[in-house]
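Residue numbers for the sequence shown follow our numbering, beginning at -8 and rising by one. A virtual CB, placed ideally from N, CA and C, is assigned to each residue, including glycine. Just below is one structure, and these are the notes that go with it.
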Amino acid sequence: MASRSHTFPASYHRLAKLDREVRPEDFDEDLTDLESDESDESDESDEGDESDEGEEPEKGTGEENEDEDKAKDEDKDEDEDDDHYYDLKNQRNERKWELRERKAMNEQLAIDADKEQQVQRVFESFKSRLERGRKKRSGTLKFHTTTTNYFRLYSSDYIKFCYDSESYEPTYLELSDAGECYPPHPPPAGHQTNLAMNCRAYLGDAQFDHTFEAFFPPKHATLEYQQMQTYYHRKGLAIQFLNSNHLKVRASRDFVPVKDYKDAPEAPDIFEFVGIRDTEKEEEEKQRKAKEEADARALASAKRKRSRSPSPRESWFEMNHPMGWWNQMHGW
């Protein structure tokens, strides 16, 4: 019986020599290229594994029988090596996925932290003006009334406890004109009286896509948080308007998709977000809406033309017959 031949990668032999249980970080030395989807090991290490299963062994001399017993022992050892190799390979793939996830999370975390600092500077500047009694210089808050006001939300805490590279989507706060759907209560002092707004907060996926009752936004920037309420009278989100382009948002823990809720007791009860107006997204909506309106006008115009009764001179006879008006006018 021919003995099987195996060639394992150097990384396997390095780990197999450890006199302790293999830890996830032991694989890091070989995981230098996290962007590659190709494994460093070849799955073809079993090539040449030709089994003699199904063949009747020939009877031989005692020396030949000893050789067969030795070959069986070698096959058993090789089977154990195979099991150990594939077990380590699975652990390696898990570690590679973990490092990729961590790398993607850290990259997004750096982006969100930078945006938080940007809005914090706006906050500190506004707070300083208030302390110097220059509130009136904050100006009236301005919102679009014909298109949606989009604010891209950023939060380090959200990335730390809710981030998943495979399902991550940007979080948004959307404010739009409520039209005639005014809140049931009158506007508080210092709030706009002729503008009510709808509020939507998208904080992860469809399960965390929250819509709130219409509200009256403040006239001027303020450090006070405005409490939002869902249509089911559920509270858990508040907005601080720093100016027309920057805001802060507080969302309760059950409003965001915290991963492994039981395993993340350190996750805050209140998640802090900063919001920055997304002018690019607003411009895209503006152009899309303008195109839809132009298409609607063109369609209405075409319908009017089709529904208009033809004049006597536009009959088939007048337009096509040699004795008709068209041919007579053009000298036919």
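What did DSSP end up calling residue i once you bin it into helix, strand or coil?
i    : result
Y216 : strand
N84  : helix
E46  : The predicted model places E46 with a pLDDT of 44, which falls under 50 and marks its position as unreliable; any figure quoted below should be read in that light. Looking at E46 - three-state DSSP - the assignment turns out to be coil, as it is neither helix nor strand.
R112 : helix
Y358 : Missing from the structure shown is residue 358; the chain here goes from -8 to 323 and no further.
A293 : helix
N236 : coil
A180 : coil
S30  : Low confidence applies to S30: its pLDDT is 47, below 50, so where it sits in the model is not reliable, and the reading given next is rough at best. Reduced to three states, the DSSP call for S30 is coil.
T270 : helix
D286 : helix
S167 : strand
F203 : strand
F117 : helix
K226 : strand
A101 : helix
E157 : coil
Y77  : helix
E257 : coil
F134 : coil
A281 : helix
R143 : strand
T162 : strand
A197 : helix
R191 : strand
E12  : coil
K210 : coil
R91  : helix
R123 : coil
Please name the residue, chosen from the options, that lies closest to residue i on a Cα-to-Cα basis.
i    : options                   : result
I150 : D103, T136 and R86        : D103
T138 : T270, S146, Q183 and P313 : T270
A258 : K272, Y154 and A285       : Y154
Q218 : P256, K94, G181 and A229  : A229
D148 : K272, F262, R241 and Q109 : F262
C172 : F207, A180 and P179       : F207
H211 : V249, F152, D78 and F134  : F134
P178 : A197, N140, Q198 and P209 : P209
F114 : D260, L214, P256 and E89  : L214
E107 : L238, A197 and P313       : L238
D327 : E92, R91, R86 and L144    : The displayed coordinates of the chain run from -8 to 323. Any statement about residue 327 would go beyond what the structure contains.
A192 : L166, A180 and Y216       : L166
D196 : K250, D168 and R91        : K250
Q198 : Q109, A281 and D245       : D245
G170 : A180, T136, F152 and H182 : T136
F152 : V110, P256, S292 and H182 : P256
Q82  : E12, A293 and M96         : E12
Can you tell me whether residue i is buried or exposed? The criterion is at least 16 other CB atoms within 10 Å of its CB, across all chains shown.
i     : result
R295  : exposed
L290  : exposed
K118  : exposed
T131  : exposed
G124  : exposed
T(-2) : exposed
G227  : buried
P175  : exposed
T162  : buried
P313  : exposed
A242  : buried
R112  : exposed
K94   : exposed
Are residue i and residue j closer than 8 Å when you measure CB to CB?
i    : j    : result
N234 : I267 : no
L194 : V247 : yes
S146 : F264 : yes
K272 : Y77  : no
Kindly say whether residue i, judged by its beta-carbon, lies nearer than 8 Å to any beta-carbon of chain C.
i    : result
L132 : Protein chains in the displayed structure number just one, and chain C is not present.
Touch test, the region 219 to 228 against the region 272 to 292, Cβ-Cβ under 8 Å, three pairs minimum
No, because fewer than three Cβ pairs between the region 219 to 228 and the region 272 to 292 fall closer than 8 Å, the two stretches do not touch.
Assess, as a yes-or-no matter, whether the region 192 to 207 is touched by the region 90 to 101 under the definition of 3 or more beta carbon pairs within less than 8 Å.
No, they do not touch.
Is the region 174 to 189 touching the region 150 to 161, taking contact as three or more C-beta pairs under 8 Å?
Touching, no.
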